[in-house]
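Okay, so here's the structure we're looking at.
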Amino acid sequence: MTLDASQRQQLEQRRLAPLATPSLLSPQASQEIGGALTMLLADIFALYLKTKNFHWHMSGPHFRDYHLLLDDQSQQIIAVTDAVAERVRKIGATTLRSTGHIGRLQRLSDNDSDFVTPSDMLAELREDNLRLVGFMMATHELCDEHGDVASASLLENWIDEAEQRAWFLFESGRTSA
Numbered sequence: 105m106t107l108d109a110s111q112r113q114q115l116e117q118r119r120l121a122p123l124a125t126p127s128l129l130s131p132q133a134s135q136e137i138g139g140a141l142t143m144l145l146a147d148i149f150a151l152y153l154k155t156k157n158f159h160w161h162m163s164g165p166h167f168r169d170y171h172l173l174l175d176d177q178s179q180q181i182i183a184v185t186d187a188v189a190e191r192v193r194k195i196g197a198t199t200l201r202s203t204g205h206i207g208r209l210q211r212l213s214d215n216d217s218d219f220v221t222p223s224d225m226l227a228e229l230r231e232d233n234l235r236l237v238g239f240m241m242a243t244h245e246l247c248d249e250h251g252d253v254a255s256a257s258l259l260e261n262w263i264d265e266a267e268q269r270a271w272f273l274f275e276s277g278r279t280s281a
């Protein structure tokens with residue numbers, strides 16, 4: 105099917121039209137909350153990859169337990185990504201587009217070390233999950249300021265999940281004294 109000049113022009117106008125997702129949030133609220141959630145999404149992807157990295161490189165006498173723990177945690181982390189990205193889109197903003205975009209926005213550091221002890225892995229992931237909780241709480245405050253109860257409600261569940269991951273990592277990393 106060939107398009108005439110008028111049809112091509114209409115398609116081009118639609119392609120270039122500004123995003124106008126219907127929302128009761130103000131454009132400023134959509135931009136601010138969308139930006140905060142997108143940064144949070146970058147951190148979630150960074151935490152997911154670090155958790156999988158440590159899962160793949162776990163060793164030592166507690167290998168099986170830690171390997172399975174980190175696999176469970178990575179699955180929980182990746183499960184959040186689609187909900188975060190879709191929430192950003194629902195409120196009329198845009199979100200991550202590439203791994204490069206993630207790298208520019210993430211606040212959690214990567215760990216590319218050739219060897220990390222199991223106890224250091226657990227401690228680092230515990231601290232990263234707690235930092236993620238802090239980022240989520242700050243985003244929740246922003247949502248409250250703008251009356252975005254739906255995003256705030258989602259964040260409350262994700263905060264609880266991240267706190268549980270940190271608790272499990274803490275308890276798993278304790279040594280008997």
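In this note's numbering, the protein residues as written are 105 to 281.
Even glycine gets a Cβ: it sits at the ideal position worked out from N, Cα and C.
Any idea what DSSP makes of H166, helix, strand or coil? For the purposes of this step, residue 166 is taken as residue 62 along the sequence shown, with counting starting at 1. Coil.
If we count the other Cβ atoms within 10 Å of its Cβ and call it buried at 16 or more, is V253 buried or exposed? Within the sequence shown, the letter at position 149 stands for residue 253. So V253 counts as exposed.
From A197, A189, G164, L129, pick the residue whose C-alpha is nearest to that of L259; which is it? Numbered from its first residue, the sequence shown carries residue 259 at position 155. Of A197, A189, G164, L129, the residue nearest in Cα terms is A189.
List the endpoints of the continuous alpha helix (DSSP H) containing P131. Taking the first residue of the sequence shown as 1, we reach residue 131 at position 27. Note, P131: alpha helix (DSSP H), 131-161.
Take the Cβ of M240 as the centre, count every other Cβ of all protein chains shown within 10 Å, and call the residue buried at 16 or more, exposed below. As a position in the sequence shown, residue 240 is number 136, starting the count at 1. With at least 16 other beta carbons inside 10 angstroms of its own, M240 counts as buried.
Taking 6 Å as the limit between beta carbons, can you name the residues of its chain near M143, skipping five residues before and five after? Position 39 of the sequence shown, counting from 1, holds the residue named residue 143. So the list reads L209, once near-sequence residues are dropped.
On a Cα-Cα basis, can you pick out the residue from H159, H205, L212 that is closest to V220? For the purposes of this step, residue 220 is taken as the residue at position 116 of the sequence shown. Ranking H159, H205, L212 by Cα distance to V220 puts H159 first.
Buried or exposed by the 16-neighbour rule on C-beta atoms within 10 Å, applied to T203: Walking along the sequence shown from the start, residue 203 turns up at place 99. With fewer than 16 other Cβ atoms within 10 Å, it is exposed.
How far does the alpha helix (DSSP H) with V253 in it extend, from its first residue to its last? One-based indexing of the sequence shown puts residue 253 at position 149. Start and end: 253-277.
For N233, does the three-state DSSP call read helix, strand or coil? Within the sequence shown, numbered from 1, the residue matching residue 233 stands at position 129. In the three-state reduction of the DSSP assignment, N233 falls in the helix class, which pools H, G and I.
Can at least three beta-carbon pairs, one atom from the segment 160-180 and one from the segment 109-118, be found at a separation below 8 Å? no
Span separating the alpha-carbon of W271 from that of G207: Your numbering for residue 271 matches position 167 in the sequence shown. Your numbering for residue 207 matches position 103 in the sequence shown. Each residue's alpha carbon lies about 27 Å from the other.
Here's the rule I'm using: 16 or more other beta-carbon atoms within 10 Å means buried, otherwise exposed. How should N157 be labelled? Position 53 of the sequence shown holds residue 157. Around the Cβ of N157, a 10 Å sphere holds 16 or more other Cβ atoms; the residue is buried.
Check whether the segment 171-181 and the segment 137-155 touch, using three or more Cβ-Cβ pairs below 8 Å as the test. Yes: the two stretches touch, three or more of their Cβ pairs being nearer than 8 Å.
Pick out whichever of N261, R278, S255 has its Cα sitting closest to the Cα of L68. The displayed coordinates of the chain run from 105 to 281. Any statement about residue 68 would go beyond what the structure contains.
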